[in-house]
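What follows is a single structure, written as structure tokens, with notes after it.
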Amino acid sequence: MWVPGVGLLSRLMLSALTRAGRFCILKSGAVRLMDVPAVNRRGLSDYYPHLMPSVGFGKSSSRVYRCRSETKRYITSPRVAETLVRILRGKRKSCQLFLECNPGPGILTRALLESGAKVIALESDETFIPQLKSLGKKVNGRLEVVYCDFFKLDPRSRGILTPPVMTSDMLFQYLGIEAQPWSKGAPLKAIGILPPKNERSALWKLLHDLYSCTSIYKYGRLELNLFITEKECRKIMANPQNPGLYQALSVLCQIACGIKLLHTESLEQNLCFIQLTPHRNLFTGSLTPFNYDVFFHMLRQCFMKRNAKLIDHLHSLSPIDAMHILKQIKKNKDVKVIDMYPEDFQHLFETIECSKDDNYKWLYDDFMEDVII
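Numbering (mature numbering (1 follows the signal peptide of the UniProt record, and there is no 0)), first residue to last: -20 to -1, 1 to 353.
Set out below in structure tokens:
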């Protein structure tokens, strides 16, 4: 059983014992080829949404809502706020704790408070801080306001951090929230809208944090309730029945989380309100926070040629006999990557990871390390 937060490695550090131009056998059971240069990260979206404030969402384009460096979405309709509260709270009267990400004018904040919930408002635009704190004075301590950007917690390039950028440790220690065992329920629920300009990149960062039990997931199985574009929603929920949308991101999301589509708002481009709940049994098999990078690598390599036969990829993924692997996962030699369901990929990974036929189970190519599909 894995307990998050006990010095887990954020990456496998597979290059520690390698030399350029050769396959090098590592104690972790991986092999790496170092003669191909790493490429820049891909995945940042150029999509720049134009939402209509009259239908329930506002963007930071007016004098009051302007954000210096990026566009953000805010809920501006009481109707939308009440709908979300009804979905998340139901008939509960208990004082649930919500982490609200970039509440902006506080429309949803008020609705949550009126339902009896307790709210921690993480606002990254100083313009909104005074009015949120003013609201907090009226609700007997049920609203905590912090100058913080949830989607910029724990940046990869640390250096000196200044608010609203900070580490999750700084935030959670300030709030007095302690780490919970992975086997327990979510210590709190987060609610927000993914940044429109780098929505895909934010999803990938959340997945890395989840699989490595770092950042917010160091504190347990946090439940995320997020608005994302319909395009990205369809991708993360896709399977072989949707071959045009199915990708590595789909597999990783579905293996890691239970995904529920809770609500859709019709705008110029539909926004989907989804719930991502990390699976309690995510780390009960061969997949662990120590080897998750190999699982990511396996999927990225497979989906680079998604219409190819799986057996062709296996030759470059593992030194173990490919036909033997296929026999163990009960797939024929003609099965294609695009035909494999998320649970099939997990079975494939666990089969190779648990194989007793070879001491060294993986071939690891440095070219793949920082590529996002």
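Every residue, glycine too, gets a C-beta built ideally from N, C-alpha and C.
N261 and Q234 have their alpha carbons spaced roughly 13 Å apart.
In terms of Cβ geometry, G200 and Q249 do not form a close pair [threshold 9 Å].
Less than 9 Å divides the Cβ of T63 from the Cβ of H243. Counted as a single uninterrupted DSSP element, the beta strand (DSSP E) harbouring R53 occupies residues R53 to I55.
Distance from the CA atom of L232 to the CA atom of I157, rounded to whole angstroms, is 27 Å.
In this structure, the beta-carbon distance from L202 to L168 falls below 9 Å. Within the region 56 to 137, the complete alpha helix (DSSP H) segments at least 4 residues long are 58 to 69, 87 to 94 and 109 to 116, listed from N- to C-terminus.
In this structure, I208 and S148 do not form a Cβ contact; the two beta carbons are roughly 21 Å apart against a cut-off of 8 Å. Linking R69 to S95 through their CA atoms gives a straight-line distance of about 8 Å.
In the DSSP assignment, K185 falls within the alpha helix (DSSP H) that extends over E179 to S192.
Non-local C-beta neighbours of P322 in its own chain, meaning closer than 6 Å and more than five positions away in sequence, comprise V231, Q234 and I235, ordered along the chain. Residue environment for N120: exposed (fewer than 16 other C-beta atoms within 10 angstroms of its C-beta).
Counting of Cβ neighbours within 10 angstroms places C334 among the exposed residues, the total staying below 16. Within the DSSP secondary-structure output, C252 pairs in a beta bridge with I208 and T244. The C-beta distance from L206 to L174 rounds to 6 Å, short enough to meet the 8 Å contact threshold.
Listed as beta-bridge partners of L306 by DSSP are no residues whatsoever. With a cutoff of 9 Å on beta-carbon distance, A170 and F108 are scored as not near each other.
Following the DSSP letters along the chain, one finds I235 inside the alpha helix (DSSP H) bounded by residues A228 to A236. The region 217 to 229 makes contact with the region 274 to 288; the number of CB pairs closer than 8 Å reaches 3 or more. Taking the C-beta atoms as reference points, I291 is found nearer than 9 Å to V315.
Taking 9 Å as the cut-off, the beta carbon of C193 is found no closer than this to the beta carbon of F131.
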